[in-house]
Structures are given as structure tokens and as C-alpha cells.
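Asks:
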Amino acid sequence: MKVPASGKSQPSTASIPPTLPSTPQAHLGEVLCEPVFFAMQQVKNACKSVLLRLGYEIHPVSQPPVQDIDFKAALTVKESQYYSQWSAPCPLFSPWLGHPDFQSIYEGAEPYTLVSPDRCYMLIELARYARHLAGDFAECGVWNGGTALLLARTLGTSASKKLYLFDSFEGLPKVNGEKDSWFSEGQYRANSIGAVKAVLSDFRNMIDIRCGWIPETFRGLEERRYAFAHIDVDIYQSNLDCCAYFYPRLVPGGVLLFDEYCFAAARGEKDAVDEFFADKPERPIALPTGQAFVLKLPPPADQQSTRNSDGRVRCQDGVR
Ligand SMILES: C[S@@+](CC[C@H](N)C(=O)[O-])C[C@H]1O[C@@H](n2cnc3c(N)ncnc32)[C@H](O)[C@@H]1O
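If you're matching positions, the sequence shown starts at -17 in this note's numbering and goes up one per residue.
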């Protein structure tokens, strides 16, 4: 299920202590006796949560001073046009609104992707980091090629890395009725493999398209090592299969980026990733965009001495 990040944070229902700075609430606390003030806060919080469940949010008519400063500063600060009230009560730097650093990679990719600009930004920046590591790049879940194009552009045509692309191009496989109830078989069928190749035509030398069903399409790539894998396959089993293949082949410092980990409608993705990492030292880090990423830790010190004759570290599962 592809939905843009709502950008709304849940208001806190915690009581406001009477000692906080001089907000309107604090002044009221000085006038009223404490039990009455707290009772009023409880009623207000209860009303807020009822209204929130009905789809309404209440905001104070006057902003506390700290927010005023951030709102005012956002109007005049350098690159002011890229600050937006996105996931916080005040505007924050939001380069996906068209900052040249982002736009130089994103321009023209939008028609070919279901991924929202804020998530594309995270993808590009994590890829920019990972291109300095050893190992190749991969994407599982290509659809019409939009995010693959972003990865290819981030690597650049002169890159020595390969970009492996895995997709059936026929849409999702059979879904698990219980875990993936918002998805259906055949959803996200690509226009055609020819059209995807055309989108990526500038990068044909560095791209290796593996057309078919995951995990069968991983066959023959057992020896690969990866610096970065973008996992955008939506459903429970596909995510689990991707974790099982990529995790042991990820170099230390390597990145796994899961596109829809935090979306309620893609709960199967979160369940699969959490299940896989439950007995690993790494933890998926949830992002306010709806994604989550995992950074691979180096092997424990006692395993680091296990080196092959060419000096490369032997992996826990024997993959070199
Ligand atoms: C949401 S789309 C990918 C979106 C794409 N990254 C973009 O830029 O918009 C999910 C893709 O995952 C693919 N997919 C999911 N599970 C798969 C599996 N087990 N084998 C092959 N492809 C799979 C679907 O074919 C579909 O193209």
C-alpha cells in the first residue's frame, strides 16, 4: 500500500507539570489551585483523544515561545523555501521539497515511482553513504523502475559497483491473507520489462535485472557481497526472504532499507523484519517517513581474525 507519509505526529496526552515555562497553561496553573488545574488538564486530554479518534486535532491558538522562534526563523533562514511543517510542530529542513542536491538525482524519476519524495530522499542519502563501502547495490521490488533509477544515478555511470534488480514485474505473488490483508496478488504489475529497461537505459552496463520470483532469483548469486539493498516488496514472505538472503551478505556498515516498515497497512513487512532481527545484534531503526533501516555491525572481535587467504573476513554463515 503506497501512501505518502502523513507528517502528523501524535499529540502527547501526558499532563503538563505546573512548573513548566510561562505558557498560557502555566499561567492558568498559577491562578487555579493545583488539583483543579490537573483535573482540567485530564478533561482536556480526554477530549483531545476522543476528537483525535474522530479525525480532528486541537491546537492552541497561541504557540509557545519556542515554536514562535522556530516558525519565525524558518521564514528567514538560509534556504528558507525548504523548511516545512512536516513531522514536527515547527518547520524543519525538508530538502525533498526541491533542494538542488536532491533534485539533481530525483528530477524526472517521479512518474516511475510509488515512493514519496521524503522516502526517496532517505533512499538517496543512505545510498550516497553506502557507495563508499565495498560490495554491490541491490533493489528488490522495482515496479516501473523509479527508485532503481535513483540508485543508478546515485552510483553514477562510472561506478565499479553493480546494481542488481529483482522483481517478477508481474506484481505481488500470492499474499498471506492474515498478514498482508491490504495487498492482493498481481498488485503493482509493471508496465513492461521493456519499459523498465528504457527508463534505466543510461545505466545498462552497471545493471543486472533478475526477472522472476524472489527468492528463486537469488540463485547463482550466493557469493555476492552487498553495501546496500533497498527492500520494497511490501508483503510478509517476500521481506523475510530478502532478509535471509541479504543480511549474511551485507558488508560491515552496509545498509538494508525497508520502504514501508512503519505503515499500518504493511504490517506484514514489519512483522517479517522484526522476526528476522529478533536474534541479531542489529535493530531496525524506524524513520518518520515510514521506512526503517538496518546498519550491519562488524563481526565480533573474536571472529574478525578469521580471514581468508586473500585477507577478506569470513562471514558467520561461510559466505566470503
Ligand atoms: C511497491 S512495488 C515497488 C515500487 C518501486 N520500488 C518504486 O519505485 O515505486 C513492489 C514490487 O515488489 C514486487 N514483488 C513483491 N514480492 C515479490 C516476489 N516475491 N518476487 C518478485 N517480485 C516481488 C512486485 O512485483 C512489485 O513490483
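We put the beta carbon where it would ideally sit given N, CA and C, even for glycine. On a predicted model such as this, the values are computed, not experimentally measured, just so you know.
Spatial neighbours of Ile191 within its chain, please: C-beta separation below 6 Å, excluding the five flanking residues on both sides.
Replies: So the qualifying residues of the chain are Leu147.
Asks: Between Ser140, Tyr94 and Ser163, which lies nearest to Leu131 when the distance is taken from Cα to Cα?
Replies: Tyr94
Asks: Check whether the Cβ of Trp125 sits closer than 7 Å to any heavy atom of ligand 1, and report yes or no.
Replies: The answer is yes for Trp125.
Asks: Please go through the stretch 164 to 220 and give each complete beta strand (DSSP E) segment of 3 or more residues, from N-terminal end onward.
Replies: Taken in chain order, the whole beta strand (DSSP E) runs of length 3 or more contained in the stretch 164 to 220 are 189 to 193 and 208 to 213.
Asks: Using CA atoms only, rank isn't needed, just tell me which of Ser220, Pro73 and Ala56 is closest to Val157.
Replies: Ser220
Asks: Leaving out the 5 sequence neighbours to the left and right, which residues in its chain are closer than 6 Å to Glu313 when beta-carbon positions are compared?
Replies: The requested residue 313 is not part of the displayed model; the chain covers only -17 to 302.
Asks: Does the contact criterion of 3 or more C-beta pairs under 8 Å hold for the stretch 245 to 254 versus the stretch 159 to 167?
Replies: yes
Asks: One question on the structure: do Leu133 and Ala109 come within less than 8 Å of each other, judged by their Cβ atoms?
Replies: yes
Asks: Once you ignore the five residues that flank Pro(-14) on each side, which residues in its own chain have a CB closer than 6 Å to its CB?
Replies: With a pLDDT of 38 at Pro(-14), under the threshold of 50, the predicted position of this residue should be treated as unreliable, though the coordinate-derived value follows. If we look at Pro(-14) and ignore the five residues flanking it on each side, its Cβ neighbours are Ser98.
Asks: For Cys122, write down the residues that DSSP places opposite it in a beta bridge.
Replies: Phe148 and Ile213
Asks: Under 7 Å: does the beta carbon of Thr95 sit that close to some heavy atom of ligand 1?
Replies: yes
Asks: Quick one: what does DSSP say Gly128 is sitting in, helix, strand or coil?
Replies: Residue state, collapsed to three classes: helix.
Asks: With a threshold of 7 Å, establish whether the CB of Ser307 neighbours any heavy atom of ligand 1.
Replies: The requested residue 307 is not part of the displayed model; the chain covers only -17 to 302.
Asks: Rounded to whole angstroms, what's the CA-CA distance from Ser142 to Met188? Just pull it up for me.
Replies: Approximately 8 Å between the Cα atoms of the pair.
Asks: Quick one: is the Cβ of Trp195 within less than 7 Å of any heavy atom of ligand 1?
Replies: yes
Asks: Which residue from Gly202, Thr271 and Gln285 puts its Cα closest to that of Met104?
Replies: Thr271
Asks: So, at 6 Å on beta carbons, what are the nonlocal neighbours of Ala226 in its own chain, with the 5 sequence-adjacent residues on each side left out?
Replies: none
Asks: Applying the criterion that 16 or more other CB atoms from any shown protein chain within 10 Å of the CB defines a buried residue, is Phe200 buried or exposed?
Replies: buried
Asks: Buried or exposed: Val25, going by 16 or more other Cβ atoms within 10 Å of its Cβ?
Replies: exposed
Asks: Classify Tyr65 as helix, strand or coil using the three-state DSSP reduction.
Replies: Note: Tyr65 maps to strand in three-state DSSP.
Asks: Beta-carbon within less than 8 Å of Leu145's beta-carbon, same chain only, minus the 5 sequence neighbours each way: which residues are those?
Replies: Asp118, Phe119, Ala120, Glu121, Ala130, Leu133, Ala134, Leu137, Phe185, Met188, Ile189 and Asp190
Asks: Using the Cα positions of Tyr38 and Pro282, report the straight-line distance between them to the nearest angstrom.
Replies: Cα to Cα, Tyr38 sits roughly 50 Å from Pro282.
Asks: Give me the Cβ distance between Phe240 and Ala112, rounded to the nearest whole Å; I'm assuming they're in contact under 8 Å.
Replies: Going by Cβ atoms, the distance from Phe240 to Ala112 rounds to 15 Å, so no, they are not a contact pair.
Asks: Distance check for Arg206 and Ala55, CA to CA, integer angstroms please.
Replies: In a straight line, the C-alpha of Ala55 is about 48 Å away from that of Arg206.
Asks: Under the DSSP definition of a beta bridge, which residues are partnered with Phe275?
Replies: Leu239 and Ile267
Asks: Cα-Cα, which of Val181, Ser76 and Gly127 is closest to Glu61?
Replies: It is Ser76.
Asks: Under a three-way DSSP split, which group does Phe245 fall into?
Replies: It is coil, neither helix nor strand.
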